[in-house]
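Heads up, the sequence shown is in my numbering, so the first residue is 68 and it goes up one at a time. All C-beta atoms, glycine included, are put in the ideal place defined by N, C-alpha and C. First the structure, in the form of structure tokens, and then the observations on it.
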Amino acid sequence: MCEKHIPVLLDECLEGLGIRPDGIYVDGTLGRAGHAYEIASRLTTGKLIGIDRDQTAIEAAKKRLGQFGERVSLVHGNFRDIEAILAGLGTPQVDGMLFDLGVSSPQLDNAQRGFSYMADAPLDMRMDQTAALTADEVVNTWAEGRLRQILYDYGEERYAPRIAKAICTQRETGAIQTTGQLVDIIRSAMPVSALREKQHPAKRTFQAIRIAVNDELGAVEDMLEAATACLAPGGRLAVISFHSLEDRLVKNAISRREKGCTCPRDFPVCVCGFVPTLKNMSRKAILPTAEEIEQNPRARSAKLRVAERI
Numbered sequence: 068m069c070e071k072h073i074p075v076l077l078d079e080c081l082e083g084l085g086i087r088p089d090g091i092y093v094d095g096t097l098g099r100a101g102h103a104y105e106i107a108s109r110l111t112t113g114k115l116i117g118i119d120r121d122q123t124a125i126e127a128a129k130k131r132l133g134q135f136g137e138r139v140s141l142v143h144g145n146f147r148d149i150e151a152i153l154a155g156l157g158t159p160q161v162d163g164m165l166f167d168l169g170v171s172s173p174q175l176d177n178a179q180r181g182f183s184y185m186a187d188a189p190l191d192m193r194m195d196q197t198a199a200l201t202a203d204e205v206v207n208t209w210a211e212g213r214l215r216q217i218l219y220d221y222g223e224e225r226y227a228p229r230i231a232k233a234i235c236t237q238r239e240t241g242a243i244q245t246t247g248q249l250v251d252i253i254r255s256a257m258p259v260s261a262l263r264e265k266q267h268p269a270k271r272t273f274q275a276i277r278i279a280v281n282d283e284l285g286a287v288e289d290m291l292e293a294a295t296a297c298l299a300p301g302g303r304l305a306v307i308s309f310h311s312l313e314d315r316l317v318k319n320a321i322s323r324r325e326k327g328c329t330c331p332r333d334f335p336v337c338v339c340g341f342v343p344t345l346k347n348m349s350r351k352a353i354l355p356t357a358e359e360i361e362q363n364p365r366a367r368s369a370k371l372r373v374a375e376r377i
């Protein structure tokens, strides 16, 4: 585990956002406030609004960002509600927004949160601990077909049928209560050849359950829609994702807002009424350097996409 917190793709994010000292910026996924600290330190008359659905992150950010005083406002909330949050703060438009879609280091490092398949802990996986749905409910009550579907859709798990069946078989004899029990069930359902792979056998299943518990893909869709509406002309949107589903969602969302014209290609002018709202700032996703990956292995799968409000 990485004990020292290192913000992923930090320099690339700061460059992508084009921080202005008098600008208003949003960090919609505070975590340990690494990105937020660097943004706030570049502001003079500007302001940073930090949001996180995890109250623990908000409390930690108060200490980390306290030196910036009124330059920083912190909100316990879900980034899918960004439009309402900003309206409530009397700031309907901002100059830049950053969203890091990965699980934060404190959530991974705190075994009791249940995000990690490397430690035995209660089946929780809630980013917002006031939320009702937990991994325990998903694992112990969802129908086999529904489990199989989320493993396919959210985890891209090729052994989804075997794992879903094994989970449902096991819970007939008693509730599955811990992450360790779930890992053992996953291992037992997979062929020996799969267990020899470099990737941990439970990685895709844990990813799928976490996404389902937190409705992550739905939240990202809502966030992208609201964020576009809340950016001032020339404002920048920077989004870091850590798995292919999220990256594809972000890529397609930007593309729809940049090239969403539905007219046939041979039409000389657009007649469908499409008005572009975002401009993609890089043809491909921005990836971490080899040096960053060496310093912070958790950055290995990170991808950054940046778009500008037209």
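(message) Measuring only the C-alpha atoms, how far is I360 from H310?
(response) 16 angstroms
(message) In whole angstroms, give me the CA-to-CA distance for V142 and T158.
(response) 13 angstroms
(request) Put L345 into one of helix, strand or coil per three-state DSSP. (result) strand
(request) Can you say whether R213 is buried or exposed, counting buried as having 16 or more other CB atoms within 10 angstroms of its CB? (result) exposed
(message) Using only CA atoms, which one of A374, R225, R350 lies nearest to K306?
(response) According to the sequence shown, residue 306 is Val rather than Lys. When only C-alpha atoms are compared, the closest one is A374.
(message) If you measure between the beta carbons of D191 and A199, is that distance less than 8 angstroms?
(response) no
(message) Could you give the first and the last residue of the continuous beta strand (DSSP E) run that contains R372?
(response) 370-376
(message) Quick check on T246: does DSSP put it in helix, strand or coil?
(response) helix
(message) Using 8 angstroms as the threshold, is the C-beta distance between G247 and D176 below it?
(response) no
(request) Could you name the residues of the same chain whose beta carbon sits closer than 7 angstroms to that of V250, not counting the 5 residues immediately before and after it, in chain order? (result) Y184, A269
(request) Report the option in P74, P88, T240 whose CA atom is closest to the CA atom of T96. (result) P74
(request) Kindly indicate the opening and closing residues of the beta strand (DSSP E) around D167. (result) 161-167
(request) Assign S349 to buried or exposed, taking buried as 16 or more other Cβ atoms, counted over all protein chains shown, within 10 Å of its Cβ. (result) exposed
(message) Please state whether the Cβ-Cβ distance between I125 and F146 is less than 8 angstroms.
(response) no
(request) Measure from the alpha carbon of K370 to the alpha carbon of each residue in I353, I377, R180, then state which is nearest. (result) I353
(message) I'd like the span of the alpha helix (DSSP H) that includes K129, first residue to last.
(response) 122-131
(message) By the three-class DSSP mapping on this structure, what secondary structure does L200 have?
(response) coil
(message) Checking 8 angstroms against the spacing of the C-beta atoms, do K53 and R376 come in under that value?
(response) Beyond the ends of the chain as shown, which are 68 and 377, falls residue 53; an answer cannot be given.
(message) With the cut-off set at 8 angstroms, would you say L115 and A107 are in Cβ contact?
(response) yes
(message) Give me the DSSP bridge partner(s) of G117.
(response) D94, L141
(request) Name the one or two DSSP bridge partners that S308 has. (result) K370
(request) Assign V161 to buried or exposed, taking buried as 16 or more other Cβ atoms, counted over all protein chains shown, within 10 Å of its Cβ. (result) buried
(message) Using beta carbons (cut-off 8 angstroms, strictly below), is R350 in contact with chain B?
(response) Among the protein chains of the structure shown there is no chain B, as only one such chain exists.
(message) Alpha carbons only, please: which of L132, P228, F166, F135 is nearest the one belonging to D289?
(response) F166
(message) Within the continuous alpha helix (DSSP H) that includes V280, where are the two ends?
(response) 270-281
(message) Quick check: the Cα distance between G83 and N347, rounded to an integer number of angstroms?
(response) 11 angstroms
(message) Using a Cβ-Cβ cutoff of less than 7 angstroms, which residues in the same chain neighbour S308 once the five nearest sequence positions on both sides are dropped?
(response) L168, D314, V317, K370
(request) Give me the Cβ distance between E224 and T272, rounded to the nearest whole Å; I'm assuming they're in contact under 8 angstroms. (result) 6 angstroms
(request) Report the option in Y104, G85, L110, S172 whose CA atom is closest to the CA atom of D121. (result) S172
(request) Classify P300 as helix, strand or coil using the three-state DSSP reduction. (result) strand
(message) If the criterion is Cβ atoms closer than 8 angstroms, does the pair D89 and T111 meet it?
(response) yes
(request) Check P189 in the structure and name its three-state DSSP category. (result) strand
(request) Name the residue from G85, D78, A233 whose alpha carbon lies nearest to the alpha carbon of R303. (result) G85
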